[in-house]
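Residue numbers (the working numbering), protein chains in the order written: chain A, 264 to 667; chain U, -4 to 238.
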Amino acid sequence: MKARHVWIVFKKEVKDIIRDKRTVITNIVIPMILIPLINILVGGGVEKLQRDIEENITITLSETSRTDEIKNLVENEIFKDKPNIRLVDTDNPIDAVRDADVRLVLDFDSDYKQKLTEEKPFVIKLMYDKSSTKSEAAVSIVSQAINEYNMRLVAQRLTQRNIDLEILEPARVEPVNVAKEGQGGNMVLMMTLPMIIAILVVVGGIPAATDLVAGEKERNTFEPLLTTKPDRASILMGKYLTVTLFSFVSIVAIGMGFVIGYIINPNSITMGTGEQLTGASIPPLALVLSILITVILGMMFAGIQIALSAYARSFKEAQTYLSFLIFAAMIPAYATMFTQPADIKVYVFLIPILNTISAFKMVLGGVIDYTSLLVALVSSIIYLAITLAITASMFNKEKVLFRS
Amino acid sequence: MLSVINLTKKFGDFTAVDNLNFKVERGEIFGLLGENGAGKTTTLRMLATMLKPTSGTAVMGKYDINNEPEKVRETIGILFGGESGLYDRLTAAENISYFAELNDMDRKSIKERIDFLAKSFGMEEYLNKRASKLSKGMKQKVAFARAIVHNPDIMLFDEPTSGLDVGAIRNVHDFILDCKKQGKTVVFSSHSMSEVEKLCDKVGIIHKGKLKDTGSIDELKRKYENDSLEEIFMRLVGDMNEG
């Protein structure tokens, strides 16, 4: 293998691919536009839903409860400090809930007034529609408001009896967050980013790999290339490096997409959940190790892609083989989407793809275990060596290259 | 200039090329005549070092295909039949230059050589156009130029006229004769009697991997006392089919 020949092949392949508008659009333009767009749209949707749930809670009274007294109790007593809860009139309360015209129907015990006077409990039924997120969410908000009313009433009754209000609270709960700064703060990113990175690294080189070997075979350019001076190892290495490069181009484009999204709307990066992005606590060594593991994963899959493309008889056959890699990446990525970094076992770091996802989950979650990261790094290097050896041997096999 | 010595290629139990022996001198065109599947392409692929012989060898110029494949590839140019096999997104000049670079030519020589070839083949007007924008005839000329950009001593043509129209076939024939004029050693595979008769100084009739007979066309005609190469071919091949 000669570095000069590798460079000539690499240079030509990069130029050739860059001139292919489809590849440029798929690998660079779409991620740069799509990521901020998805984040902003999903983020905007989440923010709007959150606002809608908390604001403009419309309630109505059941037909039996529709009296001036109850209206007065609801508006001026129970929800007097709750401008977000609004009582409205409807003809058919249940249908109004089902049609999403109101969130809840309040149904008071018919003898509520007597019970209230006798200081006995009465029931307020909250009728809601479980199939509606907003209606279901309104139950807890309205319940909370009713509880506050209860507390006010109890306080009033105890004061009348000259009893200290502290009797109501024998034990006070005081939650204290002891997590390090940044831990758990990137929940949304921790779920999505490692998954996106792993999938892209695994599939990013597919268009280039398909084109560079199977495509060449189909266009009859492969055999003339093999009759030129360079040995096969140089040609393979030039093509392999091109595929590796394009595996990471998508990642860089995605990264730029996130940056663009962040510039347009800082909330978009956590998809509108209101979480703050905390990067200050990420240890640089852990980040470097995670990036290295990712790079090696990309290099390994570039090798697999070239090998499959070399094995394929045609462009279409290569596309079919390579499409399986998309599943290979997506299944572990989705399966571990909700896994918490602290729950990841060391052996998981031995498994390709999962090791990259886990490493980034650790880094973003702020729970760093260097032993696991080293296990991932060393095993990845071994897998890479095995993959490259297999790819090189396939590229030298006449049965593979001249399959017809 | 080119010697094939006991060249054999087996794929598992199947013998694609069986103990081939022939010589081609400098400035000579050798036609490998045979039906589809006779072993022509496998032979040329071995001569071009794309396939490794199971046994035997060939000496291309000064270099042995088994011992110095890289030197052999530097010495040969190859042209395949059918589609010209250019990189569509590269210009004509870039297509030629890529192969020149791969054959270790320096920038100055590449430029001079491309200029020379552009003039020779009349490609000046479309040299900087992308291959995808060229007509079939233009692409063919670019493929010719690419094959000889490094000025190889030996040219291999693997059924170069297959699937081409009359005009394009004529271009190929002219190109092959031009190579001969330049003193190159030419091996040319075909299943067309007429083009072998038109172009070749010597012919080898190959069937089921075996070289049935070899010699100049006149020699073969005299030996088999027949004026028709087709008759001679059918007799040799027929003998083998029966055998």
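Yeah, the Cβ is synthetic: ideal placement off N, Cα and C, and Gly gets one too.
Could you list which residues in chain A have their beta carbon closer than 7 Å to that of residue i, in chain order?
i	result
ALA43 (chain U)	THR490
ARG68 (chain U)	THR490, THR491 and LYS492
GLU96 (chain U)	ILE271
ILE71 (chain U)	THR490
Note down, in chain order, every chain U residue with its Cβ under 8 Å from the Cβ of residue i.
i	result
THR692 (chain A)	The shown model of chain A, from 264 to 667, leaves out residue 692 (chain A), and the question about it has no answer.
Distance, Cα to Cα, residue i vs residue j?
i	j	result
MET657 (chain A)	HIS145 (chain U)	29 Å
ASP196 (chain U)	ILE514 (chain A)	59 Å
GLU310 (chain A)	ASN528 (chain A)	12 Å
ALA543 (chain A)	THR634 (chain A)	Residue placement at ALA543 (chain A) is poorly supported in this model, since its pLDDT is 49, which falls under 50; the coordinates still yield a value, given next. Approximately 22 Å, taken between the alpha carbons.
SER395 (chain A)	TYR610 (chain A)	42 Å
ALA669 (chain A)	ILE71 (chain U)	Only positions 264 to 667 of chain A appear in this structure, which leaves residue 669 (chain A) out of reach.
ILE227 (chain U)	ASN31 (chain U)	18 Å
ASP213 (chain U)	SER189 (chain U)	14 Å
LEU672 (chain A)	GLY524 (chain A)	Lying before the first or after the last residue shown, residue 672 (chain A) is absent from chain A, which here runs from 264 to 667.
LEU224 (chain U)	ARG230 (chain U)	10 Å
GLY204 (chain U)	THR10 (chain U)	7 Å
THR156 (chain U)	VAL476 (chain A)	25 Å
LYS5 (chain U)	SER115 (chain U)	41 Å
LEU428 (chain A)	THR327 (chain A)	35 Å
PHE601 (chain A)	GLU432 (chain A)	37 Å
LYS175 (chain U)	GLY22 (chain U)	5 Å
ASN560 (chain A)	ILE462 (chain A)	The sequence given here has Leu at residue 560 (chain A), not Asn. Rounded to the nearest angstrom, the two C-alpha atoms are 11 Å apart.
PRO64 (chain U)	LEU122 (chain U)	31 Å
THR557 (chain A)	LEU499 (chain A)	22 Å
ALA401 (chain A)	MET562 (chain A)	51 Å
LEU215 (chain U)	ASN221 (chain U)	8 Å
MET45 (chain U)	ASN659 (chain A)	10 Å
GLU119 (chain U)	GLU481 (chain A)	28 Å
ILE247 (chain A)	VAL641 (chain A)	Since the first residue of chain A shown is 264 and the last is 667, residue 247 (chain A) is not available in this structure.
GLU580 (chain A)	ARG165 (chain U)	36 Å
ILE668 (chain A)	ARG361 (chain A)	Because chain A in this structure spans residues 264 to 667, residue 668 (chain A) falls outside the shown range and cannot be described.
On the criterion of 16 or more Cβ atoms from any shown chain inside 10 Å, does residue i qualify as buried, or is it exposed?
i	result
ARG420 (chain A)	exposed
GLU20 (chain U)	exposed
GLU661 (chain A)	exposed
PHE111 (chain U)	exposed
GLY132 (chain U)	exposed
PHE623 (chain A)	buried
PRO470 (chain A)	buried
ASN290 (chain A)	buried
ALA546 (chain A)	Checking the displayed sequence, the identity of residue 546 (chain A) turns out to be Pro instead of Ala. Flag for PRO546 (chain A) reads exposed.
ALA266 (chain A)	exposed
GLN377 (chain A)	exposed
PRO615 (chain A)	buried
VAL198 (chain U)	buried
SER373 (chain A)	exposed
GLY628 (chain A)	buried
ASN90 (chain U)	buried
VAL191 (chain U)	buried
GLN407 (chain A)	exposed
GLY178 (chain U)	exposed
Since residue i meets chain A, which of its residues come closer than 8 Å, beta carbon to beta carbon?
i	result
PHE9 (chain U)	Those within 8 Å of PHE9 (chain U) in chain A number zero; the least Cβ separation is about 12 Å.
PHE75 (chain U)	ASN483, GLU486 and PRO487
Which chain U residues are close to residue i, counting only those with a beta carbon under 9 Å from its beta carbon?
i	result
GLU661 (chain A)	PHE6, ARG40, MET45, LEU46 and LYS47
Cβ closer than 7 Å: which chain U residues qualify as neighbours of residue i?
i	result
ASP279 (chain A)	TYR82, ARG84 and LEU85
LYS275 (chain A)	TYR93
Can you find a heavy atom of the ligand HEM that lies under 7 Å from the Cβ of residue i?
i	result
ALA434 (chain A)	Of ligands this structure carries none, so the ligand HEM is not represented either.
For chain C, find out if any of its Cβ atoms is closer than 8 Å to the Cβ of residue i; answer yes or no.
i	result
LEU350 (chain A)	In the structure shown, chain C does not exist; the protein chains are A and U.
- Taking any Cβ of chain U, which residues in the stretch 572 to 595 of chain A have a Cβ under 8 Å from it, in chain order? none
- Message: Restricting to runs no shorter than 4 residues, where is the alpha helix (DSSP H) found entirely within the stretch 438 to 492 of chain A?
- Response: 450 to 466, 469 to 472 and 485 to 489
- Message: At 4 residues or longer, what runs of the alpha helix (DSSP H) sit wholly inside the stretch 19 to 104 of chain U?
- Response: 35 to 42, 64 to 70 and 87 to 97
- Cβ-based contacts, 7 Å cut-off: residues of the stretch 281 to 309 of chain A near chain U: ARG282 and ASP283
- Query: Using a beta-carbon distance cut-off of less than 7 Å, what residues from the stretch 98 to 121 of chain U approach chain A?
  - Reply: ASN98 and ASP99
- Item | alpha helix (DSSP H) segments (min. 4 residues) lying fully within the stretch 321 to 347 of chain A | 331 to 336
- Contact residues within the stretch 142 to 176 of chain U, judged by C-beta distance below 9 Å to chain A: ALA142, HIS145, LEU151 and ASP153
- Listed from N- to C-terminal order along the chain, which residues in the stretch 50 to 65 of chain U have their beta-carbon within a distance smaller than 8 Å of any beta-carbon of chain A? PRO64 and GLU65
- Message: Threshold first: 3 residues or longer. Then list the beta strand (DSSP E) segments lying entirely within the stretch 122 to 191 of chain U, N to C.
- Response: 149 to 153 and 180 to 185
- Message: Please give me, in chain order, every unbroken run of the alpha helix (DSSP H) with length at least 4 that falls completely inside the stretch 381 to 427 of chain A.
- Response: 396 to 423
- Starting from the N-terminal side, write out each stretch of the alpha helix (DSSP H) that is 4 residues or longer and does not extend beyond the stretch 545 to 580 of chain A. 547 to 574
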